[in-house]
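Input: a single structure, listed below in structure tokens.
Protein chains in written order, with the working numbering: chain A, 307 to 664; chain B, 307 to 664; chain C, 307 to 664; chain D, 307 to 664.
Structure representation (structure tokens):
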């Protein structure tokens, strides 16, 4: 179990989906930083279930309580602990699960690793754990905002349906205009239709989230192993259901040639150095180059589906599982704030790491 | 600068391309492990330039010297330091580079970060640094071999040309049958032709390396943040020129549905639990499930091309660069052992981390 | 701020003395370990103020709530978060403190470091923070108990008055027979008298705690830098008011000669290898040798005294401080469980680290 | 094995006394720092054997080679690797050692931990390993010097003979005026006589080194667990033969009362805040307060003596050992630069950690 992330700006999350609560300790946040509990709550509200018909209908308020590290709306420089109580435990839905391994969930692997088939422990693999990340990431975003860095993520693809989004100008307000968090309204409508179809079918779909950070100065990222794209990649691949990540041109860039792919340097009007294209995704040699940092993140279709599936029980005997209750036919809308949170946590950490060098 | 990787099985690399040498310290290698210097050298030989007409013709022997931690062919449990002397410094080729920033190289970002335009320092961003990783990874592979784990990587795509490779059976011997390290001979021939064309054009191409680890037992990987795919993703994205990484179905999986994508559990003949398909790429919830662990890694086209390119000098003044000498029109053949090394380093680390739990 | 301790068995504490609460997240605790909440509470009760007339009379129940990581009395292998609500904030006592720096407290240095004079933040320097350590250490002790390792600490000196204690046989029950936690009743009586005198004088006294761990097998400790005595020394010096630490013969050993000081090896009746004396304090070359591990820890006199003291305010202007309310004339009785907790945290961590090697 | 030390300014040492060499990789050194190889060599010369009749007569040049990270006398910001070749292997002296465990050495514990009785591995426990620390510490001292921080350590006690040294003014030049590195010439003469007597007796003596860092600004040190005194304590206790460490008043302070022990604040002439006394040893609440940081470190008598000693062989059979060759009757003169190096490494690390906060 490794529930900590970051070197200098560091979070430690805790909690299962079916215990007293989930939470996070943020250690390394600089002192005298204005901390808005309302902003933290707003990010949690974007992540929580039940916020729209598109996502799981579980009712969870996800009300955050700051336990330490903040006085009169300012950080002390001490650890900021935050607790979100669980409300909707509803263990009965999970009786079947206790009996057999859900396909493509973490039930079997947690059992193989820890030797314990506690559902509450499997609950650690629940997306509910990410509430702590979102709370911690909200603080990271407040630190970054003071340094002129902002992050926007959005749903860019669902089940192969793609949005047309100008990444250079898209805003979080545009993203939040619909429940899907896709800033292309026409594409969003089609995607929502597709998701509704999946729900009716008791099935699920996947997709791609894109994310961009603007205002990142040149110089963040720590070669050789803590390159900015490496830490971002790890951050994204630690999110449940993520199976791939790209920076800049990503896999598409493999089809290009060096002469077509290289980003040419030029002098900006303000005298600083920029690149005319951004196939590098804002990172060269593991270090930010002053251009926007861009990511694409692949989410597999939700493993939970409302259909009978073959599987085995703990002893390996064949059986079937027929889930009951509620499910997320598409996790992407709720994953947008999680992607932003993890993005912010990496950048805040590297911001402090670079400061240590001066 | 963060030149260490791993928690319990941990490497620290050092060295620039134009100094006395490069190397690595492996800390945390268990004692009484047979260490074959010949095997380490063999891996380095697969990575070094000049090994075939496909890659850079720089002459470097890359002769490894073990400085510590091994006596009579066995590890002591103490740090294993290895040194590879530089031989072919040839600083003159780099005079132009000192004058201007090479497009899509790390020249500008290192300067922005460290405020030093030392070519030898830019040399830390050189792929030569990866020699230390390969030496360390060779030891990790020897540790894993004793536990029945083996890794194979191969060139799977070049400039959009794809190989047909059965990942379940491909061997390293098949991979090494041609200079390209692509085990599909027909595809390899076409890819080699494409690379030769790029060389003639003074241009470069990118591609995709696939990699598989067999024999990984269920239970490796440390949720929440050190999930196996997260650490593997970080490892791969820390390799120069990598712009994307996938585990299992990756981006293609986003086009599927849950009912089609889920991997159904079954009992194997030996009584263990397996999955009938492996879209999860051997990892569920961040923990290995006993199936082969699979990766795809995207390499952009080499930034070094033999063509005049626009750029700016250190003061932002427009200028052009015309490289001289030698270049790698495609880094993928030499990247295969680097991918294997990083793969092995992650698995060896998680092997020890899981052992700590027992 | 670095509020985490340990490599594999790792705690992160949070909380100020004057906020919602204090607590700890224990990450890395192996799964399927019986966790007794009653045992955790019992250790907290030994640390809390108000338990006897010898210590501060603040009324704090220090009631622990386990927030995660434990189901049905067993660890899941996931993070164990524990919360202890603050009850007796009483900020008014601290108005004077806000005005001026208390001598030999952390008021000035926290202000110099963090630039914030929040009392609640200074409250992070309060001994109240150690409640989280004690809760985490209680779990470490439960892990160690299963491996046959037990720890006893006791008050061995107060203001130069020394106890006569046979470290080879002393038990925690004997330690807890008096409020002072000194298992030599005659010495304890004199020490208590001395402490009462200090209280009447509005003054305070210091002393020495000794601690021993029995049952530690040979082989724990990680040279070169994470030697067992080094990690133990760090653990003890991180406790408020500690100014010195010794392992084995300590400073007294510097008066000896090699021929008199060396511990001679012999074969025990059970065939294992022991030493006839234990001047090494159970550690040689940073690794446990199977003999009891012994420590002595120096605590300075409590900085809080009920006397007017000269000092300066935040601007450096001379002023005086006259504390009000309650104080601990001697912290040692309450420090005994803290020492045991930190001792256990180091041993549990090294237990897991050595297991990783096998 | 944990051969790395430090969080941001981080060293990794490697090497056994009887292999190709020992060395260090310094990672995290800021760029553009003047690095004097001569200064590094000078520190190594103070540590090496054979420099005076007081210490072991082994002939070792300890010639340092910088392998990376420095160009034209300036750091690049990349890892600085340094190698010191072994010259005087002389394995024959160690044949007896291979047969039996030397009392109070690490022979038995390394065997118990690693299961390997390789002398070269036992050689990792050799003080020769500290050459890497001294080389790394020399760079830390160059970083600190630019920030006005200087460190002096000296031999303060040998076998109970004490020096009279004014810690507020003592200089390294005064320390180095005699082979013992004791700046009190009269006491030094008596101590040298005592050491010579021990050598004639085939015996050894221990003692105390004191150390002071001047110019440390208020604000360094990271509560809760990486308090400055905690990290310094760990650093010192990781040095071979150290059995105790004190900061400020240390164990003697336990005899005092709060009213006598507290350090009163006042305003210095330059307007800054100081304390009239320094019983806190420059640290309060784990953070430097601007006063000199003071340490006392206890070294046990060298375990190697030229006398026949009882012991057991690997199977536990009783036997005797009669060492041959050369020995250090007192390690303290050579330990002075090691103490300074470890002191500097901790301070350089905390200097960067505090910078990260700004």
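We put the CB at the ideal spot given by N, CA and C, even for glycine.
These figures come from a predicted structure and were not determined experimentally.
(message) Taking the beta strand (DSSP E) that residue 601(D) belongs to, which residues open and close that run?
(response) The count along the fourth chain starts at 1 and reaches residue 601(D) at position 295. Where residue 601(D) is concerned, the enclosing beta strand (DSSP E) stretches over 599-605.
(request) Taking only beta carbons into account, state which residues of the region 311-331 of chain C come closer than 8 Å to chain A, listed in chain order. (result) From the region 311-331 of chain C, only 316, 318, 319, 320, 321, 322, 325, 326, 327, 328, 329, 331 have a Cβ closer than 8 Å to chain A.
(message) For residue 618(B), which residues in the same chain have their Cβ closer than 7 Å to its Cβ, ignoring the five residues on either side in sequence?
(response) Position 312 of the second chain, counted from the first residue, corresponds to residue 618(B). Only 406, 407, 624, 625 meet the Cβ criterion.
(message) Relative to the C-alpha of residue 417(B), which candidate in 382(D), 341(D), 621(D), 484(D) has its C-alpha closest?
(response) Along the second chain, read from residue 1 onward, the residue named residue 417(B) stands at position 111. Of 382(D), 341(D), 621(D), 484(D), the residue nearest in Cα terms is 382(D).
(request) Report the rounded CA-to-CA distance for residue 429(B) versus residue 334(B), giving the unit in angstroms. (result) The count along the second chain starts at 1 and reaches residue 429(B) at position 123. The count along the second chain starts at 1 and reaches residue 334(B) at position 28. Roughly 28 Å between the two C-alpha positions.
(request) Check the Cβ-Cβ distances between residue 658(C) and every residue of chain B, and say whether any is below 8 Å. (result) As a working mapping, residue 658(C) is identified with position 352 in the third chain. It does: the Cβ of residue 658(C) has a partner Cβ on chain B nearer than 8 Å.
(request) Check whether the region 485-501 of chain C touches the region 372-389 of chain D, counting contact only when three or more Cβ pairs, one atom from each stretch, lie closer than 8 Å. (result) Contact between the region 485-501 of chain C and the region 372-389 of chain D is absent: fewer than 3 CB-CB pairs across the two stretches fall below 8 Å.
(message) Just to make sure I have the definition right: I need the residues of chain D whose C-beta is within less than 8 Å of the C-beta of residue 553(C). Which are they?
(response) By one-based count along the third chain, residue 553(C) stands at place 247. Chain-ordered, the chain D residues with CB closer than 8 Å to the CB of residue 553(C) read 543, 549, 550.
(message) Only counting the same chain, and skipping five residues up and downstream in sequence, which positions put a Cβ closer than 7 Å to that of residue 486(C)?
(response) The residue given as residue 486(C) occupies position 180 in the third chain. Around residue 486(C): 360, 461, 494, 497, 498, 639.
(message) Output needed for residue 609(D): all residues of its chain with C-beta closer than 6 Å, excluding positions within five of it in sequence on either side, in chain order.
(response) As a position in the fourth chain, residue 609(D) is number 303, starting the count at 1. Answer for residue 609(D): 410, 411, listed in chain order.
(request) Check each candidate in 329(C), 563(C), 616(C) and name the one with the smallest Cα separation from residue 511(D). (result) Within the fourth chain, numbered from 1, the residue matching residue 511(D) stands at position 205. Scanning 329(C), 563(C), 616(C) for the CA closest to the CA of residue 511(D) turns up 563(C).
(request) Leaving out five residues on either side along the sequence, give the residues of the same chain with a beta carbon under 7 Å from the beta carbon of residue 559(C). (result) Residue 559(C) sits at position 253 when you count from the first residue of the third chain. Same-chain partners within the cutoff: 567, 585.
(message) Report the CB separation of residue 341(C) from residue 646(C) in whole angstroms; it is logged as a contact under 8 Å.
(response) As a working mapping, residue 341(C) is identified with position 35 in the third chain. As a working mapping, residue 646(C) is identified with position 340 in the third chain. Beta-carbon to beta-carbon, residue 341(C) and residue 646(C) are separated by about 17 Å, too far to satisfy the 8 Å threshold.
(message) Would residue 535(D) and residue 589(D) qualify as a contact pair, given that the criterion is a beta-carbon distance under 8 Å?
(response) By 1-based counting over the fourth chain, the position of residue 535(D) is 229. By 1-based counting over the fourth chain, the position of residue 589(D) is 283. For residue 535(D) and residue 589(D), yes; Cβs fall inside 8 Å.
(request) Determine, using beta carbons only, whether residue 654(A) comes closer than 8 Å to chain D. (result) Locating residue 654(A) in the first chain gives position 348, where the first residue counts as 1. Judged by the 8 Å Cβ criterion, residue 654(A) is not in contact with chain D.
(request) Identify, in the order they occur along the chain, each residue of the same chain with its Cβ nearer than 6 Å to the Cβ of residue 583(A), setting aside the five sequence neighbours on each side. (result) Start at 1 with the first residue of the first chain, and residue 583(A) comes out as number 277. Contacts found: 569.
(message) Assuming residue 650(B) and residue 443(B) are in contact, meaning their beta carbons sit under 8 Å apart, how far apart are those beta carbons, in whole angstroms?
(response) Position 344 of the second chain, counted from the start, is the residue given in the question as residue 650(B). Position 137 of the second chain, counted from the start, is the residue given in the question as residue 443(B). Between residue 650(B) and residue 443(B), the beta carbon gap of about 5 Å places them in contact (Cβ cut-off 8 Å).
(request) Closer than 7 Å, Cβ to Cβ, to anything on chain A: give me those residues from the region 508-523 of chain B, in chain order. (result) Listed by position, the residues of the region 508-523 of chain B near chain A (Cβ gap below 7 Å) are 509, 510, 511, 512, 513, 514.
(request) Check the Cβ-Cβ distances between residue 663(C) and every residue of chain B, and say whether any is below 8 Å. (result) On the third chain, position 357 is the one that residue 663(C) refers to. True, the Cβ-Cβ gap to chain B drops below 8 Å.
(request) Along the alpha helix (DSSP H) that carries residue 357(D), what are the first and last residues, could you check? (result) Mapped onto the fourth chain, residue 357(D) falls at position 51. No residue range can be given for residue 357(D), since it is assigned to no alpha helix (DSSP H) and is classified by DSSP as neither H nor E.
(request) Could you tell me whether the Cβ of residue 505(D) comes closer than 8 Å to any Cβ of chain C? (result) Numbered from 1 along the fourth chain, position 199 holds the residue referred to as residue 505(D). Not one chain C Cβ lies under 8 Å of residue 505(D).
(request) Take residue 607(C) and list the residues in its own chain whose beta-carbon comes closer than 6 Å to its own, dropping the five residues that flank it on each side. (result) Position 301 of the third chain, counted from the start, is the residue given in the question as residue 607(C). 510, 511, 512.
(request) Tell me whether residue 477(C) sits in a helix, a strand or coil according to DSSP, three-state version. (result) Here residue 477(C) refers to the residue found at position 171 of the third chain. Residue 477(C): coil per DSSP, three-state reduction.
(message) Would residue 655(D) and residue 540(C) qualify as a contact pair, given that the criterion is a beta-carbon distance under 8 Å?
(response) For the purposes of this step, residue 655(D) is taken as the residue at position 349 of the fourth chain. For the purposes of this step, residue 540(C) is taken as the residue at position 234 of the third chain. If you check the CB distance, residue 655(D) and residue 540(C) do not come in under 8 Å.
(message) Quick check on residue 649(D): does DSSP put it in helix, strand or coil?
(response) Numbered from its first residue, the fourth chain carries residue 649(D) at position 343. The three-state secondary structure of residue 649(D), taken from DSSP, is helix.
(request) Look up residue 642(C) in the DSSP assignment and say whether it is helix, strand or coil. (result) Here residue 642(C) corresponds to residue number 336 of the third chain, with the count starting at 1. DSSP places residue 642(C) in the helix class (H, G or I) of the three-state scheme.
(message) Is there a C-beta anywhere in chain B that falls below 8 Å from the one on residue 649(A)?
(response) Taking the first chain and counting its residues from 1, the one referred to as residue 649(A) is at position 343. Judged by the 8 Å Cβ criterion, residue 649(A) is not in contact with chain B.
(message) Would residue 561(C) pass as an interface residue toward chain D - the criterion being a Cβ-Cβ separation below 8 Å?
(response) Position 255 of the third chain, counting from 1, holds the residue named residue 561(C). Yes, contact with chain D.
(message) Helix, strand or coil, according to DSSP, for residue 314(A) in the structure here?
(response) Taking the first residue of the first chain as 1, we reach residue 314(A) at position 8. Coil at residue 314(A), not helix or strand.
(message) I need the straight-line Cα distance from residue 324(C) to residue 505(A), nearest angstrom please.
(response) Your numbering for residue 324(C) matches position 18 in the third chain. Your numbering for residue 505(A) matches position 199 in the first chain. Put simply, the backbone Cα of residue 324(C) is about 49 Å away from that of residue 505(A).
(request) Return the chain-ordered list of same chain residues with a C-beta closer than 6 Å to the C-beta of residue 446(B), the five sequence neighbours on each side being excluded. (result) Residue mapping note: residue 446(B) aligns to position 140 of the second chain, counting from 1. For residue 446(B), same chain residues with a beta-carbon under 6 Å away, outside a window of 5 residues either side, are 650, 651, 654 in chain order.
(request) Could you say which of 320(A), 648(A), 337(A) lies nearest to residue 329(C) if we only look at CA atoms? (result) Taking the first residue of the third chain as position 1, residue 329(C) is located at position 23. Proximity to residue 329(C) across 320(A), 648(A), 337(A) peaks at 320(A), based on C-alpha coordinates.
(request) Determine the closest residue to residue 308(A) out of 474(B), 573(B), 593(B), with distance taken between C-alpha atoms. (result) For the purposes of this step, residue 308(A) is identified with residue 2 of the first chain, where counting begins at 1. Of 474(B), 573(B), 593(B), the residue nearest in Cα terms is 593(B).
(message) Please confirm whether residue 409(C) has its beta-carbon closer than 8 Å to some beta-carbon of chain B.
(response) As a position in the third chain, residue 409(C) is number 103, starting the count at 1. No, residue 409(C) does not count as interfacial toward chain B.
(message) Checking 8 Å against the spacing of the C-beta atoms, do residue 611(D) and residue 565(C) come in under that value?
(response) Locating residue 611(D) in the fourth chain gives position 305, where the first residue counts as 1. Locating residue 565(C) in the third chain gives position 259, where the first residue counts as 1. Yes.
(request) Run the CB neighbour count on residue 348(A), radius 10 Å, all protein chains shown included, and call it buried at 16 or more, exposed below. (result) On the first chain, residue 348(A) is found 42 positions in, with the first residue counted as 1. If you draw a 10 Å sphere on the C-beta of residue 348(A), you find fewer than 16 other C-beta atoms in it, and that means exposed.
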